[in-house]
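Here is the structure we will look at, set down as structure tokens.
Residue numbers (this note's numbering): 574 to 631.
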């Protein structure tokens with residue numbers, strides 16, 4: 574099976590070493606992790622119900 578070469582999802586450069594795959598380097602890997610920690614990425618969910626929010630604040 575032939576593996577497709579994909580660019581690094583952060584900087585779009587080519588991935589030279591499999592060590593950090595799918596990223597090109599530790600820097601890009603850490604930058605991606607930082608985005609997850611700082612709410613740079615989000616998973617879709619159901620819309621928030623105002624009544625439910627009010628109950629949580631009480």
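Idealized CB from N, CA, C, for every residue including glycine.
With the rule of 3 Cβ pairs closer than 8 Å, the segment 609-616 does not count as touching the segment 582-595.
When secondary structure is reduced to three states using DSSP, residue 607 falls in the helix class. The DSSP-derived three-state label of residue 583 is coil. Where residue 629 is concerned, the enclosing alpha helix (DSSP H) starts and stops at 623-630.
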